[in-house]
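Asker: Residue numbers (the numbering used here), protein chains in the order written: chain A, 7 to 279; chain B, 398 to 720; chain C, 8 to 267. Using N, Cα and C, we set each Cβ at its ideal position, and we do this for glycine too. Note that the coordinates shown come from a computational prediction; the quantities given were computed from them, not determined experimentally. What follows is a structure written as structure tokens; I'll ask about it next.
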Amino acid sequence: MKGGWASISARHLLFALAFLILVLAGPLLAPNDPFEMNLDNRIQSPSLRFPMGTDSLGRCVLSRTLYGGAVSMGLALAATLSSAALGMGLGLCSSAAGAITRAVAMWVIEVMLAFPFLILAVVIAGLLGPSGVNTWLGLTAAGFAWWARFSSSLFIKAGESDFVKAARAMGIPALRLTGRYLLPQVMPHAAVALLLQMAAMVTAVSGLSYLGFGAQPPTPEWGTMLKDGQIYMIDYPWLMIGPGLAITVCVAAFTAVGEALRRRFALKPLNRW
Amino acid sequence: MTITLSLPAGLGFVVRRLFRLAAVLSGIALIAFSLLDLAPGDPAELVLLARTESPTPEKIQAVRKDLGLDAPFFSRFTTWAVSALKGDLGRSFRTGDAVAREISARLPVTLTLAALTMSFVMVIATVTGLVSGLMHGGALDRGIRAWAVLSISVPDFVLGIILIFLFSLKIELFPVVGLSGLHSYALPVFTLGLSIAAVHGQVFRAGVMEVLNTDYVRFAYAKGLGPWAVIRRHVAKNALLPVVILWGMSLGHLLGGAVIVENVFSLPGVGTLLVESVLQRDIPMVQGIVLFTALSFVIVNRLVDAIMRFFVPSLISRSGEER
Amino acid sequence: MNSIAVESLAIETPGSDTRIVEGLSFAIPQGGSLGLVGESGTGKTLTALSLCGLLPEPLRLVCGGMSVNGKELEWDNRLSWRDVRGRGIFMIFQSASLALDPTMRIGAQIAETLHETKGLKRKTARTRTTRLLEKVGLGPETERCLPFQLSGGMRQRVQIAIAMALEPSVLIADEPTTGLDPLIQIQILGLLDNLRRSFGISLLIISHDLRVIARMADSVCVMHKGRMVESGTVEEVFRTPRSPYTKLLIESVLKQEGIG
Chain A
7 MKGGWASISA RHLLFALAFL ILVLAGPLLA PNDPFEMNLD NRIQSPSLRF PMGTDSLGRC
67 VLSRTLYGGA VSMGLALAAT LSSAALGMGL GLCSSAAGAI TRAVAMWVIE VMLAFPFLIL
127 AVVIAGLLGP SGVNTWLGLT AAGFAWWARF SSSLFIKAGE SDFVKAARAM GIPALRLTGR
187 YLLPQVMPHA AVALLLQMAA MVTAVSGLSY LGFGAQPPTP EWGTMLKDGQ IYMIDYPWLM
247 IGPGLAITVC VAAFTAVGEA LRRRFALKPL NRW
Chain B
398 MTITLSLPAG LGFVVRRLFR LAAVLSGIAL IAFSLLDLAP GDPAELVLLA RTESPTPEKI
458 QAVRKDLGLD APFFSRFTTW AVSALKGDLG RSFRTGDAVA REISARLPVT LTLAALTMSF
518 VMVIATVTGL VSGLMHGGAL DRGIRAWAVL SISVPDFVLG IILIFLFSLK IELFPVVGLS
578 GLHSYALPVF TLGLSIAAVH GQVFRAGVME VLNTDYVRFA YAKGLGPWAV IRRHVAKNAL
638 LPVVILWGMS LGHLLGGAVI VENVFSLPGV GTLLVESVLQ RDIPMVQGIV LFTALSFVIV
698 NRLVDAIMRF FVPSLISRSG EER
Chain C
8 MNSIAVESLA IETPGSDTRI VEGLSFAIPQ GGSLGLVGES GTGKTLTALS LCGLLPEPLR
68 LVCGGMSVNG KELEWDNRLS WRDVRGRGIF MIFQSASLAL DPTMRIGAQI AETLHETKGL
128 KRKTARTRTT RLLEKVGLGP ETERCLPFQL SGGMRQRVQI AIAMALEPSV LIADEPTTGL
188 DPLIQIQILG LLDNLRRSFG ISLLIISHDL RVIARMADSV CVMHKGRMVE SGTVEEVFRT
248 PRSPYTKLLI ESVLKQEGIG
């Protein structure tokens, strides 16, 4: 079982990791300085020097798309990992032995799940003031409850398996029990969820900056670039091809890998918020 | 769902559920209210800035007194919550109008969008999920699944922009932005519904495949029923049960997703109001919208849950066995 | 005339050489009954399902020949099974709680059978349903019930009522009494016996319990690990078993009886 899971998932996770590194290393491939403004070169059509043209301030769209990847993906990765850690901690609490811990954890989960994900993210990130860090905070605050509910049922199920009961009866300390017996049972599910949530977070990061709550100019970010390009959509549609395509490919890659992994583990489709 | 499904043991069951509901509702109110203290800076200053007045110390003092900001957090919260119970969500920092009135003025657009999108999702998800599940492994199923991954992957705002570009600017079939009759909802509904329909379709597909492999479907075939009768009466109905719960859950997705879609298409709904209010730090308005959406989400889901229990009593027994 | 005759039936998994069931041949004359006996996991239920053309994927039926009511069946053609199922061959499942649709009322599950296979009008089907339930000893209030509201014995009766509605030429009963109280076991077997005599149905009864076979069947096939090890009339096989496996089976029953 253990060897099987390692070999099956290794390929998918490696692919996802390679993709992540590629995008995070995107800035190294950029042909031009993404911040360099040149008002003489405003809104140029694609050319050899600017393969995707230039934006309204004369900056290279391709270079900005490549830089923007590092920003969007970095934020999405950070938000996914932090909300997963926080949420799974809470999920563990909600399956814990103490009745009060359990009730409080369930209450927190139920309350937080009542807020639509994007509304909570917009409000928290927006009220704290638009910035990368606040985007991360907003997405973590809005996203952890999903992880808590998701992992809670898994931890409860794992805790009900006979060998965990036996281990508990033998008096193995709770921390060790969690690390040795509970977590390994939850890991395949968590790996699938990480990939799929990563896809959702990339969408959310760009969505927030599209609405004006994300990283602020001149930081290149896919959502912001789309928003800026939308004004010129009628005459210069190519401004939006770069960032639009980048987001879609990125989300599709994580979704496809996540779905492939899900089918390998024969898990049910996940419902996102 | 985190709601524990337990056997209805009469009054005790109802009381426990009501207590739980009350606990959740007060939690929601608490979070919505504390948004005021989340925003950096003095709220009184925000009020003055929203009214484009210069924040002098005297004015700030006056506003603080006026809004009762000097009281401790908990007493401010109870005052706010009690008036919210009466339907009074306070007044906008910006316009001074009642928050509840502004929300209800914007509500029809958001509700129309949500209702139309939900109908779109139900139709598309049911058809694709059923076809995909019945023909699983076939070419059509693979095609539908590729379409699903693509639909889930294209973010709402990207899809919306592409649709505006193609259908409003290039062939001028629909209005670019804003509202002019029901047909201006076509593109927003498609944009918002496509990804939800794809997710629900996949869940339905999994359900269909699971049900196809049950004894009661084999038994129905053994009875000599034709494939259509089996699919209609036994497969579709049972596979839809988990999807119906999703329909309730996706209300949150609809309201949240509406924030982006309403902005892309400049629809004057609650979503655009929320973004405007956040940008201008109109905190009572933000609190009101957040409270309103969360409450509707919880109430709609309780209703779906109750309706399901009423129509499908076997659901209770099944979950009873699980526990 | 034989109601059903099967020549060297086998069940295989694609891509694997080992067959789950192999070389099973039998025939049941009209109104006769055959018992299929063997320990659990030996492929009895799969055999039953394959005789209705309902093997779960990816299993496949391979057969030397099969005839129902003297008519050759195109066993490798999925469509031809449709004409046989129900009125030709019908099967009562081992677990009635899984065989009945959990979200459909009992009355509707019986009535739809009458409506779809006999073309009865809905109203006639309804009244017929009440009569059928009465025949298996269930009151008219059962019609409004959902399966989970009934006991195991009652659900098994519902399956038998559906069999009565269909009046099939061949009825397969897969472990019809397993998991039921001894008293109810006797009642269920009595109902099956009645059904067989009053409609002239041929019965294929599957059980791991030799006593059930002895009570219900004229002849018997003994299966072990998917192969037929012995067959003959119940008299012959139980009195003078030839294969060591059959001897073992009979000894174990005798031992149980001795202790109990």
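Using a cut-off of 9 angstroms between C-beta atoms, extract the partners of W152 of chain A located in chain B.
Answerer: Chain B residues near W152 of chain A: none, gap ~10 angstroms exceeds 9 angstroms.
Asker: Taking a cut of 9 angstroms between CB atoms, which residues from the stretch 611-635 of chain B lie near chain C?
Answerer: Residues passing the 9 angstroms Cβ filter: T611, D612, Y613, V614, R615, F616, A617, Y618, A619, K620, G621, L622, G623, P624, A626, R630, H631, K634 and N635.
Asker: In the DSSP output, what is M193 of chain A paired with across the bridge?
Answerer: DSSP output for M193 of chain A lists no bridge partner at all.
Asker: Within 10 Å of its beta-carbon, does S674 of chain B have 16 or more other beta-carbons around it, so buried, or fewer, so exposed?
Answerer: So S674 of chain B ends up on the buried side.
Asker: Could you please give me the residues that DSSP links to H231 of chain C through a beta bridge?
Answerer: BP columns for H231 of chain C point to C:R234.
Asker: Give me the DSSP bridge partner(s) of L210 of chain C.
Answerer: Beta-bridge pairing links L210 of chain C to C:S40 and C:L178.
Asker: In the DSSP assignment, find the alpha helix (DSSP H) that holds M606 of chain B and state where it starts and stops.
Answerer: Run containing M606 of chain B: A583 to L609, per the alpha helix (DSSP H) assignment.
Asker: Return the first residue and the last residue of the beta strand (DSSP E) that G409 of chain B is part of.
Answerer: Element bounds for G409 of chain B: not the beta strand (DSSP E) but the alpha helix (DSSP H), L408 to L435.
Asker: Taking the alpha helix (DSSP H) that N660 of chain B belongs to, which residues open and close that run?
Answerer: Start and end: K634 to V661.
Asker: Can you pull the chain C residues whose beta carbon is under 7 angstroms from the beta carbon of V709 of chain B, in chain order?
Answerer: Those are T110, listed as they occur along chain C.
Asker: Which residues in the same chain have their Cβ closer than 6 angstroms to the Cβ of A426 of chain B, if we skip the five residues on either side of it in sequence?
Answerer: Result list for A426 of chain B: A478, in chain order.
Asker: Drop a sphere of 10 angstroms on the beta-carbon of I237 of chain A, count the other beta-carbons inside from all chains shown, and report buried for 16 or more, exposed for fewer.
Answerer: I237 of chain A should be labelled exposed.
Asker: List the residues of chain B that E119 of chain C touches, going by C-beta distances under 9 angstroms, in chain order.
Answerer: Those within 9 angstroms of E119 of chain C in chain B are A617, K620, L622, A626 and R630.
Asker: In the DSSP output, which residue or residues are listed as bridge partners for A497 of chain B?
Answerer: Answer by DSSP bridge pairing: none, since A497 of chain B is not bridged.
Asker: Could you pull out every residue in the same chain whose Cβ sits closer than 8 angstroms to the Cβ of V444 of chain B, ignoring the five residues on either side in sequence?
Answerer: Once the five neighbours on either side are set aside, the close Cβ partners of V444 of chain B are V460, L464 and F490.
Asker: List the residues of chain A that L415 of chain B touches, going by C-beta distances under 8 angstroms, in chain order.
Answerer: Within 8 angstroms Cβ-Cβ: nothing; L415 of chain B doesn't reach chain A, min ~14 angstroms.
Asker: Applying a beta-carbon distance threshold of less than 7 angstroms, which residues of chain B neighbour F100 of chain C?
Answerer: Under the 7 angstroms cutoff, chain B gives D612 and F616.
Asker: Can you pull the DSSP bridge partners for K78 of chain C?
Answerer: In the DSSP output, where bridge partners are listed per residue, K78 of chain C has C:V75.
Asker: Alpha carbon to alpha carbon, how far is A545 of chain B from L651 of chain B?
Answerer: Approximately 18 angstroms, taken between the alpha carbons.
Asker: Curious, which full-length beta strand (DSSP E) runs of at least 3 residues does the stretch 75-143 of chain A contain?
Answerer: Segments of the beta strand (DSSP E) lying fully in the stretch 75-143 of chain A: there are none.
Asker: Please classify H597 of chain B: is it buried, with 16 or more other beta-carbons within 10 angstroms of its beta-carbon, or exposed?
Answerer: Classification for H597 of chain B: buried.
Asker: Quick check: what's the CA-CA separation for P33 of chain A versus A127 of chain A?
Answerer: Approximately 28 angstroms, taken between the alpha carbons.
Asker: Check each residue of the stretch 166-177 of chain C: if its Cβ is closer than 9 angstroms to any Cβ of chain B, include it; give the result in chain order.
Answerer: Going along the stretch 166-177 of chain C in chain order, one finds Q166, I169, A172, L173 and P175 with a Cβ nearer than 9 angstroms to chain B.
Asker: Would you please verify whether the beta carbon of A594 of chain B is less than 9 angstroms from any beta carbon of chain A?
Answerer: With 9 angstroms as the cut-off, A594 of chain B does not count as an interface residue toward chain A.
Asker: Output needed in chain order: residues of the stretch 417-436 of chain B with a Cβ under 7 angstroms from some Cβ in chain A.
Answerer: Result list: A420, V421, G424, I425, I428, L432, L435 and A436.
Asker: Assign E258 of chain C to one of three DSSP states: helix, strand, or coil.
Answerer: Reduced to three states, the DSSP call for E258 of chain C is helix.
Asker: For V605 of chain B, I'd like the list of residues in its chain whose CB is within less than 7 angstroms of its CB, leaving aside the five on either flank, ordered along the chain.
Answerer: Excluding sequence neighbours, V605 of chain B sits near G526, L527, G530, L531, V632 and A636.
Asker: Less than 9 angstroms between the beta carbons of F219 of chain A and T141 of chain A, yes or no?
Answerer: In this structure, T141 of chain A lies closer than 9 angstroms to F219 of chain A by Cβ.
Asker: Taking buried to mean at least 16 other C-beta atoms within 10 Å of its own C-beta, is A512 of chain B buried or exposed?
Answerer: The residue is exposed, with fewer than 16 neighbouring Cβ atoms inside 10 Å.
Asker: On the CB-based measure, 16 or more other CB atoms within 10 Å of its CB, does S100 of chain A come out buried or exposed?
Answerer: Buried, by the Cβ-count rule.
Asker: Determine the closest residue to T209 of chain A out of A:A180, A:P52 and A:M79, with distance taken between C-alpha atoms.
Answerer: For the residues A:A180, A:P52 and A:M79, the minimum Cα distance to T209 of chain A belongs to A:M79.
Asker: If I follow the unbroken alpha helix (DSSP H) through E46 of chain C, where does it start and stop?
Answerer: Where E46 of chain C is concerned, there is no enclosing alpha helix (DSSP H), given that its DSSP letter is neither H nor E.
Asker: Report yes or no: is there a C-beta of chain B within less than 9 angstroms of the C-beta of T209 of chain A?
Answerer: Yes, T209 of chain A lies at the interface with chain B (some Cβ there is under 9 angstroms from its Cβ).
Asker: Quick one: does L638 of chain B have its CB under 9 angstroms from some CB of chain C?
Answerer: Closer than 9 angstroms to some Cβ of chain C, the Cβ of L638 of chain B qualifies, so yes.
Asker: What is the rounded straight-line gap between the Cα of E116 of chain A and the Cα of A224 of chain C?
Answerer: The alpha-carbon atoms of E116 of chain A and A224 of chain C are separated by roughly 59 angstroms.
Asker: Grouping DSSP H, G and I as helix and E and B as strand, with all else coil, what is T399 of chain B?
Answerer: Any answer about T399 of chain B is weak, because its pLDDT of 42 lies below 50 and its placement is not dependable; what the coordinates show is given next. Coil, per DSSP.
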